[in-house]
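First residue of the sequence shown? That's 72 in my numbering, and the numbers climb one at a time after it.
We put the CB at the ideal spot given by N, CA and C, even for glycine.
Written out below as structure tokens is the structure these notes cover.
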Amino acid sequence: MTVAPARRPNILLVVTDDHAAHAVGAYGSVVNTTPRIDEIAETGARLDACYCTNSLCTPSRAAILTGTHSHVNGVTTLETPMDPSLPTFVSRLREHGYRTAIIGKWHLGDDDAHAPAGFDHWEVLVDQGEYHDPRFRTADGVHVREGYVTNLITDLATEWVEGLDGDEPWCLLVHHKAPHRSWEPDAAHQDLYTDPIPVPSTFDDDYATRSMAARHATMRIADYLTQTDLKQDPPPGLTYEETALWKYQRYMEDYLRCVASVDDNVGRLRDWLAERGELDDTVLLYTSDQGFFLGEHGWFDKRFMYDESIRMPLLVSYPRAIPAGRVVPQLVTNVDFARTILDAAGVPPVEGMQGVSFWPQLTTDPDAPTQDAVYYRYYENDDYWHHTLAHYGIRTERYKLIYFYNDGMGLPGTSGVTYPPEWELYDLQEDPQELRNVYLDPAYAQVRAELTQRLHALQAELGDAPHPSDVAARAVAATV
């Protein structure tokens with residue numbers, strides 16, 4: 072049962088795009104600093120095991136809003152908009168007296184039929200949005216705002232709150248474009264990170280024990296970052312290995328500069344709340360829609376079920392109820408956000424919302440369990456840009472099991488050559504960088520069997536349907 076606090080808190084949810092947890096100081100980043108974002112963890116809580124359930128912008132945002140998995144809310148890919156009639160934690164808060172707004176990236180449908188619903192006010196970027204002089208879509212049409220997008224989103228967000236009358240609490244979603252590709256920093260941060268940036272130890276991963284899916288993807292920094300991404304050509308005369316490292320440095324410089332602007336603007340929001348006397352009465356959450364590869368395994372982008380891609384930063388402060396410096400190690404997902412935010416506000420969840428509230432773990436019951444496994448499913452099979460193959464799986468505290476169902480896809484340039492479904496299994500205690508697939512290792516036979524059973528049970532619990540090839544394999548196994 073939810074119990075409303077004496078004063079219902081404001082809700083301020085800051086969501087960035089592609090900000091990896093390992094590029095946040097509070098998570099031990101070795102490539103950058105984020106002092107203003109870190110303040111949220113210092114005065115509140117850091118969640119260490121927060122994962123998305125589909126590592127793409129559009130599906131993740133739908134999961135956050137609706138508190139449901141992709142197969143329930145219908146938003147499975149970048150091309151599937153969200154049905155505006157779906158209830159969300161925002162529409163639920165509005166029903167219970169909250170004033171609601173979203174400023175920034177929407178990316179759940181870029182036409183009038185899929186405009187943000189359940190909000191008193193919205194001003195959202197057109198499609199992905201531009202870094203400089205971006206276009207914003209409102210109920211009154213499209214308007215160009217002069218300036219840098221990260222600063223503008225903060226300006227518009229604070230202006231909306233300051234224009235409110237009355238004492239009712241508000242729920243404000245501040246959705247930044249940054250640090251999404253093509254990583255265009257503003258002038259104020261243009262000279263940061265010019266010293267060599269540490270290279271991940273897995274940068275030269277050869278995918279020796281992985282499925283063919285790793286080789287099929289077109290996400291290697293060395294091969295697939297473009298001149299548009301890098302803003303200049305590599306110096307002449309470099310070897311392939313030298314070019315790869317040069318591209319990594321250029322990519323990371325601009326990525327981290329965009330993050331620095333986000334950090335400054337999170338600081339602006341905290342300072343603004345403090346000046347208004349509302350910092351103690353606001354549940355402030357900082358997260359990103361998924362993780363991101365920052366050179367790990369030689370990659371950029373996300374999509375895969377490996378931890379760098381699916382791990383989300385999540386920092387939460389609310390001085391009236393969350394002890395400063397709390398660390399939450401339990402498994403949570405973006406599907407859990409909706410119930411948790413409603414719990415914080417003392418508002419009952421919408422019937423059909425999945426996930427669990429982790430509000431008790433943040434406040435009164437830090438050792439309470441959440442869930443023993445989280446479910447992941449990526450649907451964009453062999454997408455045009457990155458050629459990542461569709462897959463699903465589960466992650467427990469120690470293990471990860473992944474099923475690439477492949478759908479008969481073949482490697483580029485090998486017409487008629489296909490490969491069958493494949494499994495991967497990682498022991499995250501012994502192999503936290505996920506370099507050794509032990510699915511066929513006899514020593515893991517019992518673990519493999521138990522995880523496979525748990526995967527299929529969790530699919531059934533959540534109402535998802537396994538891929539036909541998995542069903543067929545189970546039928547064959549049952550006869551052996």
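Quiz item: Can you name, in chain order, every residue of its own chain whose Cβ lies under 8 Å from the Cβ of residue 281, other than the five neighbours on each side?
Solution: 495, 508
Quiz item: Would you report the Cα separation of residue 235 and residue 283, rounded to the nearest angstrom?
Solution: 55 Å
Quiz item: Do you know how far the Cα of residue 402 is from the Cα of residue 368?
Solution: 24 Å
Quiz item: What's the call for residue 410, buried or exposed, on a 16-neighbour Cβ count within 10 Å?
Solution: buried
Quiz item: What number of angstroms, rounded off, separates the C-alpha of residue 117 from the C-alpha of residue 110?
Solution: 10 Å
Practice problem: Using only alpha-carbon positions, find the residue among 371, 337, 312 that is nearest to residue 386. | Solution: 337
Quiz item: Grouping DSSP H, G and I as helix and E and B as strand, with all else coil, what is residue 194?
Solution: strand
Exercise. Give the DSSP-derived three-state secondary structure of residue 498 in the structure shown.
Key: strand
Practice problem: Using 10 angstroms around the beta-carbon of residue 447, count the other beta-carbons present and answer buried if the total reaches 16, otherwise exposed. | Solution: buried
Exercise. Taking 8 Å as the threshold, find out whether the segment 222-239 comes into contact with the segment 262-275 through three or more Cβ pairs.
Key: no
Practice problem: Rounded to whole angstroms, what's the CA-CA distance from residue 302 to residue 126? Just pull it up for me. | Solution: 26 Å
Practice problem: Just mark residue 90 as buried or exposed, buried being the case when its beta carbon has 16 or more other beta carbons within 10 Å. | Solution: buried
Quiz item: In chain order, which continuous runs of the beta strand (DSSP E) of length 3 or greater are located wholly inside the segment 201-234?
Solution: 206-209, 212-215
Quiz item: From which residue to which residue does the beta strand (DSSP E) around residue 274 run?
Solution: Per DSSP, residue 274 belongs to no beta strand (DSSP E) and is neither H nor E.
Quiz item: Taking the C-alpha atoms as reference points, what is the distance between residue 575 and residue 278?
Solution: Nothing in the structure corresponds to residue 575, since the chain is present only between 72 and 551.
Exercise. Spatial neighbours of residue 465 within its chain, please: CB distance less than 8 Å, with the 5 preceding and 5 following residues excluded, ordered by chain position.
Key: 444, 445, 446, 447, 471, 472, 522, 525, 526, 529
Quiz item: Which one of 181, 294, 166, 305 has the shortest CA to CA distance from residue 242?
Solution: 166
Exercise. Please work out which residues of its chain come closer than 7 Å, Cβ to Cβ, to residue 78, disregarding the five sequence neighbours upstream and downstream, and give them in chain order.
Key: 352
Quiz item: Going by alpha carbons, who is nearest to residue 421 out of 400, 431, 395, 408?
Solution: 408
Self-check item: 8 Å CB neighbourhood of residue 365 in its chain, flanking five on each side removed
Solution: 91, 93, 94, 102, 271, 323, 326, 371, 379
Self-check item: Residues of its chain near residue 487, where Cβ-Cβ distance is below 6 Å and the 5 sequence neighbours each way are ignored
Solution: Note that residue 487 scores 46 on pLDDT, short of 50, meaning its location in the model is unreliable; the coordinates nonetheless yield the value given after this. Here the set comprises nothing.
Quiz prompt | At least 3 beta-carbon pairs within less than 8 Å: the segment 157-171 vs the segment 189-196 | solution = yes
Quiz item: Rounded C-beta distance between residue 82 and residue 149? I'm assuming under 8 Å.
Solution: Not confirmed; about 27 Å, so no contact.
Quiz item: Cα separation between residue 532 and residue 426?
Solution: 11 Å
Quiz item: Which runs of the alpha helix (DSSP H), 4 residues or longer, sit entirely within the segment 374-458?
Solution: 378-381, 408-416, 430-433
Quiz item: When burial is assigned at 16 or more other CB atoms within 10 Å of the CB, is residue 428 buried or exposed?
Solution: buried
Practice problem: To the nearest angstrom, report how far apart residue 474 and residue 361 are at their CA atoms. | Solution: 20 Å
Quiz item: Would residue 356 count as contacting chain C if we go by Cβ distances under 8 Å?
Solution: Absence of chain C from the displayed structure is noted, only one protein chain being present.
Self-check item: Secondary structure of residue 469, DSSP reduced to three states
Solution: coil
Exercise. Taking only the alpha-carbon atoms, compute the straight-line gap between residue 143 and residue 229 and give it to the nearest angstrom.
Key: 34 Å
Quiz prompt | Distance CB(residue 138)-CB(residue 424) smaller than 8 Å | solution = yes
Practice problem: May I ask you to report which of helix, strand or coil DSSP gives residue 359? | Solution: strand
Exercise. Could you give the DSSP three-state label for residue 160: helix, strand or coil?
Key: helix
Exercise. Would you mind stating whether residue 553 and residue 329 have Cβ atoms separated by less than 8 Å?
Key: Limits of the chain in this structure are 72 at one end and 551 at the other, which puts residue 553 out of reach.
Quiz item: Which value, in whole angstroms, describes the spacing of the CA atoms of residue 269 and residue 377?
Solution: 20 Å
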